[in-house]
Amino acid sequence: MKYKMTVLQEEFQIHQIVSVHYFEYMNDFTFAGESHNFWEFLYVDNGSVEITANREQMTLTQGDIIFHKPNEFHAVASSGATAPNLVVISFDCGDPAMDFFEERILSVGMAERELLAQILNEARANFSGPLDDPYLEQLVRADAPPFGSEQMIRTLLEQFLILLYRKHLPQRPVSVPKPDLRLASRQKDDIYGIILAYFEDHISETLTIRQVCRDNLVSPAQLKRAFRLHGDGGILRRFNLMKIEHAKQLIRNQKYNYTQIADQLGYASIHYFSRQFKELTGMTPTEYSASLKQRTQQPLKRNLPQGLH
Numbered sequence: 008m009k010y011k012m013t014v015l016q017e018e019f020q021i022h023q024i025v026s027v028h029y030f031e032y033m034n035d036f037t038f039a040g041e042s043h044n045f046w047e048f049l050y051v052d053n054g055s056v057e058i059t060a061n062r063e064q065m066t067l068t069q070g071d072i073i074f075h076k077p078n079e080f081h082a083v084a085s086s087g088a089t090a091p092n093l094v095v096i097s098f099d100c101g102d103p104a105m106d107f108f109e110e111r112i113l114s115v116g117m118a119e120r121e122l123l124a125q126i127l128n129e130a131r132a133n134f135s136g137p138l139d140d141p142y143l144e145q146l147v148r149a150d151a152p153p154f155g156s157e158q159m160i161r162t163l164l165e166q167f168l169i170l171l172y173r174k175h176l177p178q179r180p181v182s183v184p185k186p187d188l189r190l191a192s193r194q195k196d197d198i199y200g201i202i203l204a205y206f207e208d209h210i211s212e213t214l215t216i217r218q219v220c221r222d223n224l225v226s227p228a229q230l231k232r233a234f235r236l237h238g239d240g241g242i243l244r245r246f247n248l249m250k251i252e253h254a255k256q257l258i259r260n261q262k263y264n265y266t267q268i269a270d271q272l273g274y275a276s277i278h279y280f281s282r283q284f285k286e287l288t289g290m291t292p293t294e295y296s297a298s299l300k301q302r303t304q305q306p307l308k309r310n311l312p313q314g315l316h
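Just add 7 to the spot in the sequence shown (first one is 1) and you have this note's numbering.
This is the structure in structure tokens:
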């Protein structure tokens, strides 16, 4: 038999990336705007923002995404009491299929959200700078990034664009079949999800492993196994991380002082709250708030990578 190669078609080709950001902004954040000669998208992971794009104003809420085409002026500001969390990724892509995303607000589903999470994880491992620094002028490679990390970022980003395109193209709906998982795997996943939901419902309390197992009818061995399968080594550490994420959101909303926040989250004292906050974030609550305010008060400058000028 004479085999013949099939050249695979590529609808989106991304070979240059400008920035990968995950921002946690205060509820009074404002960015006056900019324009540049590459694509950029903004995804609202939490809260809501007011977007200006080519002089048109619009509101984006949690789960919305907007693309800014090259040379399109765009600005963003917090729009409500809840401080926003934003994913902002900019890249170079000249493929005609990108025209589909112009002047549209799209919704992001779970599959696309998981791809964004993978992109952020790969970026954290591959680049040495923090992803929450809007004044970073160029991505700097880490000394020992994981094998193939940059290619993973590219392929994940291309897959993200393909899924969004398919999802929002009414003429050609595509149904993605759910994986046929074994019952045991589903049960393990269910335990993990149930416990995380339980943590959310009891975020203002102080929990013990014994209490978690009793309230959810699971054994300590089942609990540890479920968290180990998802890469969470410490069960109560995960709970404490969730507490601190809530604390960060409350700080950025600027409605309560640190004593009130500590009380809402079930900490015995402001000192214990501050100590755990620093242990898990590297900063005290005061330092965290000051760092966010300092970044939003500086003028934004962006240098383009070679080849995009």
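Using N, Cα and C, we set each Cβ at its ideal position, and we do this for glycine too.
- Across the set Asn260, Thr213, Gln229, the C-alpha of Thr213 shows the shortest separation from the C-alpha of lysine 250.
- Shown here, glycine 155 sits in coil according to DSSP, grouped into three states, outside any helix or strand.
- Per DSSP, the beta bridge partners of alanine 60 are Glu63, His81.
- With a cutoff of 8 Å on beta-carbon distance, phenylalanine 38 and isoleucine 73 are scored as not near each other.
- Per the C-alpha coordinates, the member of Leu146, Glu41, Leu170 positioned closest to leucine 122 is Leu170.
- For glutamine 267, same chain residues with a beta-carbon under 7 Å away, outside a window of 5 residues either side, do not exist.
- Following the DSSP letters along the chain, one finds isoleucine 72 in no alpha helix (DSSP H) but inside the beta strand (DSSP E) bounded by residues 71 to 75.
- Separation of threonine 293 and phenylalanine 107 (C-alpha to C-alpha, rounded to the nearest whole angstrom) is 44 Å.
- Residue pairing by DSSP places phenylalanine 45 opposite no residue, since no beta bridge is assigned to it.
- Close CB contacts of tyrosine 263 within its chain, under the 8 Å cut and outside five residues either way in sequence, are with Leu257, Gln271 (chain order).
- Between glutamate 207 and the set Asn247, Leu168, Ile216, the nearest pair of CA atoms involves Asn247.
- Taking a 10 Å sphere around the C-beta of arginine 221, we find fewer than 16 other C-beta atoms and assign the residue as exposed.
- Residue state for serine 298 is assigned as helix, using DSSP reduced to three classes.
- When the alpha-carbon of tyrosine 274 is set against those of Pro77, Ile210, Leu163, Val95, the nearest one is in Ile210.
- Of the candidates Arg259, Thr89, Gln23, Asp140, Asp140 places its Cα closest to the Cα of arginine 302.
- DSSP places glutamate 119 within a helical segment (H, G or I) once states are collapsed to three.
- Sequence-distant partners of leucine 146 (beyond 5 residues in either direction) whose C-beta falls short of 6 Å from its own C-beta, in its chain, are Phe134.
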